[in-house]
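Visitor:
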Amino acid sequence: MIFQRALRRELFSAASAVFTTLFTITVTFMLIRILRDAAGGKIASSDVLILIGFYSLDYFPILLILTGFISVLLVVTRAYQDSEMVVWFASGLSLTRWIRPILSVAIPLTLVVATLSILVSPWANEQMQEVRNRYEKREDIAKVAPGKFQESRGGGRVSFVEEVSGDLSKVQNIFTSMINDGRSSVIVAKEGRVEIDEHGDRFLVMSQGRRYDGLPTEGDFQMMQFEKYAVLLSTQSSVEANNKSAKALPSKTLIEEPSPVRDGELLWRVSLPFMGLLLMLLAIPLGYVNPRVGRSANMIVALILVAVNLNILNMLQLSVVQGRMSFWQASWPMHFVVAILITLFFMWRLKVNSSCHPMSVWGRIKCQIYRKTKQQCVDHDQLVGN
Numbered sequence: 001m002i003f004q005r006a007l008r009r010e011l012f013s014a015a016s017a018v019f020t021t022l023f024t025i026t027v028t029f030m031l032i033r034i035l036r037d038a039a040g041g042k043i044a045s046s047d048v049l050i051l052i053g054f055y056s057l058d059y060f061p062i063l064l065i066l067t068g069f070i071s072v073l074l075v076v077t078r079a080y081q082d083s084e085m086v087v088w089f090a091s092g093l094s095l096t097r098w099i100r101p102i103l104s105v106a107i108p109l110t111l112v113v114a115t116l117s118i119l120v121s122p123w124a125n126e127q128m129q130e131v132r133n134r135y136e137k138r139e140d141i142a143k144v145a146p147g148k149f150q151e152s153r154g155g156g157r158v159s160f161v162e163e164v165s166g167d168l169s170k171v172q173n174i175f176t177s178m179i180n181d182g183r184s185s186v187i188v189a190k191e192g193r194v195e196i197d198e199h200g201d202r203f204l205v206m207s208q209g210r211r212y213d214g215l216p217t218e219g220d221f222q223m224m225q226f227e228k229y230a231v232l233l234s235t236q237s238s239v240e241a242n243n244k245s246a247k248a249l250p251s252k253t254l255i256e257e258p259s260p261v262r263d264g265e266l267l268w269r270v271s272l273p274f275m276g277l278l279l280m281l282l283a284i285p286l287g288y289v290n291p292r293v294g295r296s297a298n299m300i301v302a303l304i305l306v307a308v309n310l311n312i313l314n315m316l317q318l319s320v321v322q323g324r325m326s327f328w329q330a331s332w333p334m335h336f337v338v339a340i341l342i343t344l345f346f347m348w349r350l351k352v353n354s355s356c357h358p359m360s361v362w363g364r365i366k367c368q369i370y371r372k373t374k375q376q377c378v379d380h381d382q383l384v385g386n
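Letter by letter, the sequence shown follows residues 1 to 386 in full-length UniProt numbering.
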């Protein structure tokens with residue numbers, strides 16, 4: 001019990017330091033990216049802090065997985081480096097005795113990761129999508145300064161508005177000049193607003209206006225009057241829309257209304273808790289280090305394993321999205337391989353660290369083999385002497 005309490009205390013201390021470091025680095029990179037989007041006009045500057053909070057909730061499962069894995073690895077490595085493991089093995093205790101106290105910390109952490117991955121992250125993605133959609137609906141209007149000509153991003157449209165409503169939802173007295181297939185069009189309307197249809201396409205909907213196509217001096221000049229007229233501003237591909245909606249959908253919806261894209265998203269959410277639990281168990285035998293050698297190489301190998309794990313999970317998710325594998329076919333191979341690696345690493349470390357001690361399983365086996373071999377040699381010498 002003293003050992004377990006000391007181990008938990010050391011794990012929590014290491015985890016707090018590791019999580020603080022990882023969270024600071026993650027928030028820094030997120031802040032740089034979000035500020036770049038805000039400077040490029042993709043999001044509103046007032047939504048920067050809100051998006052950082054939602055992005056943090058979305059990245060929490062990965063951060064907690066890395067925190068648990070690195071914390072266990074640091075604690076086990078320190079025990080080897082301070083020669084505590086030498087005393088541990090000399091006392092007849094096995095490396096498997098570390099599994100139970102590690103699981104007492106790993107299981108609650110896995111439940112937190114599962115809650116974040118299955119419930120919190122979809123909600124955070126939904127909120128992020130709503131914030132971005134809200135800005136997309138008023139993007140063109142919010143950028144227009146009343147009384148000034150404004151050119152669109154592609155340069156194919158020039159707009160002028162006389163007045164913008166207080167909530168930035170509508171503009172009054174619109175003038176728009178466009179070039180379509182080398183032919184100029186001029187639209188004059190009393191008011192307008194930006195709308196997004198069910199496919200994610202954005203339209204500028206104008207009402208009570210006129211449209212002039214061509215030049216008055218040409219024979220194909222046309223003039224029309226309309227009550228409502230929509231101009232396409234931007235489109236969104238169906239694949240991109242499905243990916244965004246899948247990340248923002250609740251897990252219950254993914255289960256009840258399956259599709260390749262939704263199955264791939266469900267695979268990601270379900271796999272993260274299992275991956276975190278297995279990685280924390282893998283860190284126990286992987287934490288071995290020679291006390292006379294630094295532990296940087298050990299940490300590099302561990303981080304490479306985490307990166308390989310995440311990349312394999314991404315490839316499995318892509319295979320499910322593309323329809324090459326089903327959800328059930330992709331849900332178990334990676335975890336099964338990691339479980340085999342854990343077993344092999346434990347067997348290897350137990351074999352290396354075992355000694356001839358009555359409390360050690362491998363030690364008892366070695367002692368029995370040694371005694372049996374010695375007895376056979378004695379019997380052989382007696383037979384030759386006779």
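The beta carbon of each residue, even a glycine, is placed where N, CA and C say it ideally should be. The structure presented is a predicted model; accordingly, all values stated were derived computationally and were not measured.
Using a Cβ-Cβ cut-off of 6 Å (strictly less than) and excluding sequence neighbours within five positions of A15, which residues of its own chain qualify?
Guide: T67, S71
Visitor: Is M223 near the ligand ZN, with its Cβ less than 8 Å from a heavy atom?
Guide: For the structure depicted, the ligand ZN is absent and the ligand set is empty, with no information on it obtainable.
Visitor: Could you name the residues of the same chain whose beta carbon sits closer than 6 Å to that of R210, not counting the 5 residues immediately before and after it, in chain order?
Guide: V188, Q225
Visitor: Would the stretch 246-264 and the stretch 125-135 be scored as touching if the rule is three or more Cβ pairs under 8 Å?
Guide: yes
Visitor: In whole angstroms, give me the CA-to-CA distance for I118 and A124.
Guide: 11 Å
Visitor: Are there three or more Cβ pairs, one per stretch, closer than 8 Å when the stretch 50-60 is compared with the stretch 24-40?
Guide: yes
Visitor: Since S272 and V120 are thought to touch, with beta carbons under 8 Å apart, how far apart are those beta carbons, to the nearest angstrom?
Guide: Reading the sequence as shown, one finds Leu at residue 272 and not Ser. That belief does not hold up - the Cβ atoms of L272 and V120 are roughly 12 Å apart, past 8 Å.
Visitor: Give me, in chain order, the residues of the same chain whose beta-carbon lies closer than 7 Å to that of Q317; leave out the 5 immediate sequence neighbours on both sides.
Guide: So the list reads G264, L267, W268, once near-sequence residues are dropped.
Visitor: Pick out whichever of L313, N298, Q322 has its Cα sitting closest to the Cα of Q81.
Guide: Of the candidates L313, N298, Q322, N298 places its Cα closest to the Cα of Q81.
Visitor: Give me the DSSP bridge partner(s) of F60.
Guide: F60 is not bridged to any residue.
Visitor: Quickly, what does DSSP pair G192 with across the bridge? List them, please.
Guide: V171, M206
Visitor: Rounded to whole angstroms, what is the Cα-Cα separation between Y229 and V158?
Guide: In this structure, the straight-line span from the alpha carbon of Y229 to that of V158 is close to 17 Å.
Visitor: Please classify R349 as buried or exposed, where buried requires at least 16 neighbouring CB atoms within 10 angstroms.
Guide: buried
Visitor: Can you grab the Cα-Cα spacing for the pair F69 / I102, in whole Å?
Guide: 11 Å
Visitor: Could you say which of F60, S46, R5 lies nearest to F23 if we only look at CA atoms?
Guide: It is F60 whose Cα lies nearest to the Cα of F23.
Visitor: Pull up the DSSP beta-bridge partners for E163, would you.
Guide: Q172
Visitor: Who does S185 pair with in a DSSP beta bridge?
Guide: M178, D213
Visitor: I'd like to know whether the C-beta atoms of V76 and G287 end up nearer to each other than 9 Å.
Guide: yes
Visitor: Would you kindly report the start and end of the unbroken alpha helix (DSSP H) that includes K252?
Guide: 251-256
Visitor: Starting from G276, follow the alpha helix (DSSP H) in both directions and report where the run begins and ends.
Guide: Counting along the chain, the alpha helix (DSSP H) containing G276 begins and ends at 260-286.
Visitor: Specify the secondary structure class of Q222 as computed by DSSP and reduced to three states.
Guide: In the structure shown, Q222 falls within a strand segment according to DSSP collapsed to helix, strand and coil.
Visitor: Need the endpoints of the alpha helix (DSSP H) that A38 sits in, please.
Guide: 2-39
Visitor: If A79 sits next to M280, beta carbons under 8 Å apart, how far is it from one beta carbon to the other, in whole angstroms?
Guide: Their Cβ separation, rounded to whole angstroms, is 16 Å, which puts A79 and M280 out of contact at 8 Å.
Visitor: Taking DSSP as the reference, what is the three-state secondary structure of S237?
Guide: Caution is warranted here: a pLDDT of 47 is assigned to S237, below 50, making its placement in the model unreliable, and the coordinate value is therefore given only provisionally. DSSP places S237 in coil when its eight states are reduced to three.
Visitor: Tell me whether the beta-carbon of V320 lies closer than 9 Å to the beta-carbon of P260.
Guide: Yes, Cβ-Cβ distance for V320 and P260 is below 9 Å.
Visitor: In angstroms with no decimal places, state the Cα-to-Cα distance between I34 and S56.
Guide: Approximately 12 Å between the Cα atoms of the pair.
Visitor: Could you pull the DSSP bridge partners for K228 from this structure?
Guide: Under DSSP, K228 takes part in a beta bridge, and its partners are S207.
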